[in-house]
Amino acid sequence: MAPSAAPYGTWKSPIVADLITQKTISVAEVHVDPVTKEIYHGESRPSEGGRVAILNTNAGKDVFGADWNARSGVHEYGGSAFAVRDSVIYFTDFKTKRLYAIKNSTPEAVSPDNQNHRFGDLNIHPVASHLVLSVLEDHTKPAPEDVVNTLVVINTQTQEVTTVAQGADFYSTGRFSPDGAKISWIQWHHPDMPWEGSELVTANFDASSISVSGTTVIAGKPGDESINEAFWVSNKTLVYLTDKSGFYNPW
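What follows is the structure in structure tokens.
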């Protein structure tokens, strides 16, 4: 075919945006099973409508079929849509909004059927592994100012959802201590963004009654100090980043 001239920016090209993005995959998140040491990761696939598949990383195999999408809409950004312990994978499905467990190969619903509820940032209790700590975002009243965020524990055996923290505008990073006797989380309030001001909170946790006590803000300040990346390194030691010096540093 003979070449033809066209005004700047109007020529036709076989290289289009879809061609580039559909062939590109990205890793959404990575988790190591603390019991079996198996590695799993979430893989975002533009060629499948942006669906996030969970793979056994070493085996290179999907853990569920093409009808499932391990993606969360919490805080609109989503993220942290699955967790794993002792070969059981819990994930939140983007379409149904429910939490599911994969114990063999077929996902089984373990949370109530409610399209207004979004789950995310999952953490599994280290002893009572049927208990899953999660952010719950309630869109029963869909106006942005009426959406309610809480921190909950889901009993995956009974599908009961128990609130363990409420009152703040946003929650994230809910984590059980290694012995399961304590929990921690980060919370913040309007008009702050989490990098402007947030609080790190701890509480005692009773797995038998699924309740908390002794809730205490241990770091951070609304509008002044931001907390990030909090995690337990032992039953009594919690490590986190704080910007109270003007720069994020471990504490």
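Basically my numbering = 1-based index in the sequence shown + 20. We put the beta carbon where it would ideally sit given N, CA and C, even for glycine.
Under the assumption that V72 contacts A90 (Cβ atoms under 8 Å), give the Cβ distance between them as a whole number of angstroms. About 5 Å separates the two Cβ atoms, so the contact holds.
Whole-number beta carbon distance between T77 and Y97, since they are thought to touch under 8 Å: The Cβ separation is near 24 Å, so there is no contact.
According to the Cβ coordinates, are S107 and A101 closer than 8 Å? No, they are not a contact pair.
Along the chain, where does the beta strand (DSSP E) containing V184 start, and where does it finish? First-last of the beta strand (DSSP E) with V184: E180 to A185.
Kindly indicate which residue of F111, G243 and N124 has the alpha-carbon position closest to the one of S131. For S131, the closest C-alpha among the options F111, G243 and N124 is that of F111.
Going by Cα to Cα distance, which pick from A163, I174, V147 and R138 is closest to E11? Residue 11 lies beyond the stretch modelled for the chain, which goes from 21 to 271, so this question has no answer here.
I need the boundaries of the beta strand (DSSP E) containing E157, first residue and last residue. Unbroken beta strand (DSSP E) run through E157: L151 to D158.
Excluding the five sequence neighbours on either side, which residues of its own chain have a C-beta within less than 8 Å of the C-beta of H51, listed in chain order? Around H51: I59, Y60, H61, F102, A103 and V104.
Using a threshold of 8 Å, state whether the C-beta atoms of P146 and D189 are closer than that. Cβ distance not < 8 Å, so P146 and D189 don't count as in contact.
Determine, using beta-carbon pairs with one atom in the region 114-133 and one in the region 170-181, whether at least three such pairs fall under 8 Å. As far as the Cβ criterion goes, the region 114-133 touches the region 170-181, which means the pair count is three or higher.
Please report how far the alpha carbon of L75 lies from the alpha carbon of E63, in whole angstroms. Going by the C-alpha atoms only, they are around 7 Å apart.
Count the other C-beta atoms from every protein chain shown that fall within 10 angstroms of the C-beta of K81, then say buried if there are 16 or more, exposed otherwise. Exposed, by the Cβ-count rule.
Could you tell me the alpha carbon to alpha carbon distance between S192 and I144, rounded to whole angstroms? Spanning the two alpha carbons is a distance of roughly 15 Å.
Would a C-beta distance cut-off of 8 Å place D141 and G194 closer than the cut-off? Contact annotation: D141 and G194 have beta-carbon atoms nearer than 8 Å.
Looking at the secondary structure, which residues open and close the beta strand (DSSP E) in which F102 lies? Run containing F102: F102 to R105, per the beta strand (DSSP E) assignment.
On a CA-only basis, which of S125, K202 and N169 is nearest N255? Give me that one, please. Here the closest residue by C-alpha is K202.
Exposed or buried, which one is N169 when buried takes at least 16 other CB atoms within 10 Å? That one is buried.
DSSP beta-bridge partners of W252: Partner(s): L258.
Q207, enclosing beta strand (DSSP E) - first and last residue: Per DSSP, Q207 belongs to the beta strand (DSSP E) from K202 to W208.
From which residue to which residue does the beta strand (DSSP E) around N76 run? From DSSP, the beta strand (DSSP E) with N76 extends over R71 to N76.
C-alpha gap between L151 and N175, whole angstroms: Straight-line Cα distance between these residues: approximately 5 Å.
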